[in-house]
Amino acid sequence: MPARVLPFLLSLVMVTHGHAAWRVAASENRSSGHGITHLEKRLRSDGHPREVTVELLVLDPTRTRLKVVPVAEGQSVADALGKSGALAGVNGGYFHADRRPLGIVVMEGRETHGLERSKLLSGVLEVTEKRARLLRRAEFKKTKALREALQAGPYLVDKGSVVAGLNARKPAARTVLLADRHGVTALALISPVTLAEAGQLLATPQLFPDLPPIERALNLDGGSSSALWVSPRIPLRSASSPEWKRVINAVGVFPKR
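For the sequence shown, the residue numbers in our numbering are 81 to 337.
As structure tokens, then:
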């Protein structure tokens, strides 16, 4: 299927952020024909001089599956995902200076690091053969069906609403997993925003009418670790954005077996 580009301009949408009025200044929709659609939106606000870019990889769950992919020391997210056979992906979770993970990591059914209790690490990506979903830490249970898992946080959106108490300082790039009531629907890279702004934007359905309703949004390792990559095998190469700081794992999108 050829790539589609469907631009539209200046659709005004109100977002609760002081007295700022966010609007979609431009939007593009490109389908890869591989179960992935790339959406790019540029948002502007009368209350802020900066423009916010939102890039989304929207997934067809009948054609794609998610896996946690290790990123070796000195390797880039693009290199790791490319060698793994992924179609696309983003950077993964947090880690210590010595590259030990923060929180649970399960890859191909093997746990490489255990669950941690931390205010930051409030959510878990859980992947089974049936689906990928976002869970609260207290909801997560290790079962024989578990194939992949990655702990991260904080939650930006829960039950369709922005999570209270998110940091409203330090705009930066943010990598986010999005889910509707059935499971994970998209991977996103948003820049530059605070955590509070990211939650407010994602909890505003009018900004994302081309997405399933966002029930949950889980923040991954962001800032200079943020990366979004699409394989040159599919016609979405312009979607790729490299990280500036090395990471230890990534969330990859693969063809469903």
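Virtual Cβ for every residue (Gly too), placed ideally from N, Cα, C.
Quick caveat, the model's predicted, so the values are computed rather than measured.
Taking all protein chains shown into account, Thr142 has fewer than 16 neighbouring C-beta atoms within 10 Å of its C-beta and is therefore exposed. Here Glu277 carries a helix assignment [DSSP, helix/strand/coil]. Burial is judged here by how many other beta carbons sit within 10 angstroms of a residue's own beta carbon; Pro285 has fewer than 16 and is exposed.
Note that the segment 125-134 does not touch the segment 157-169; fewer than 3 beta-carbon pairs, one per stretch, sit closer than 8 Å. According to DSSP, residue pairing for Lys121 in a beta bridge involves Ser107, Val134.
Per DSSP, Thr208 has no beta-bridge partner at all. DSSP places Leu282 in the helix class (H, G or I) of the three-state scheme. The C-beta distance from Ile328 to Arg130 rounds to 30 Å, too long to meet the 8 Å contact threshold.
Per DSSP, the continuous beta strand (DSSP E) segment holding Asp238 begins and ends at 235-238. When Lys210, Ala212, Thr208, Arg216 are compared, the shortest CA-CA separation from Leu195 is found for Arg216. In this structure, Arg261 and Asn299 do not form a Cβ contact; the two beta carbons are roughly 20 Å apart against a cut-off of 8 Å. Shown here for Glu295: same chain residues with a beta carbon closer than 7 Å to its own, the five before and five after excluded, namely Lys239, Gly240, Ala259, Asp260, Arg261 in chain order. Rounded to whole angstroms, the separation of the alpha carbons of Gly183 and Val237 is 20 Å. Counting along the chain, no alpha helix (DSSP H) covers Leu146; the unbroken beta strand (DSSP E) around it starts and ends at 144-150.
One thing to note: Leu146 has its Cβ within 7 Å of the Cβ of Val207. Under the three-state reduction of DSSP output, Val157 falls in the helix class. A residue is called buried when at least 16 other Cβ atoms come within 10 angstroms of its Cβ; Ala160 meets this threshold and is buried. Pairing Trp324 with Ala152, the inter-Cα distance amounts to about 15 Å. In this model, Lys199 and Leu119 are separated by some 31 Å (Cα to Cα). When secondary structure is reduced to three states using DSSP, Arg254 falls in the strand class. The beta carbon of Ala248 lies closer than 6 Å to those of Thr274, Ala276 in the same chain, with the five residues before and after it left out.
Within the same chain, and ignoring the five residues on either side of Pro293 in sequence, the residues whose Cβ sits closer than 7 Å to its Cβ are Gly240, Asp260, Pro285. Secondary-structure assignment with DSSP links Ala244 through no beta bridge to anything.
Of the residues assessed, Thr265 falls on the buried side of the cut-off, its CB having 16 or more other CB atoms within 10 angstroms.
By the neighbour-count criterion, in which a residue is buried when 16 or more other Cβ atoms sit within 10 angstroms of its Cβ, Ala278 is buried. For the 7 Å CB-CB criterion, Asp301 and Tyr174 form a contact.
Of the candidates Val148, Lys121, Asp140, Ser111, Asp140 places its Cα closest to the Cα of Lys336.
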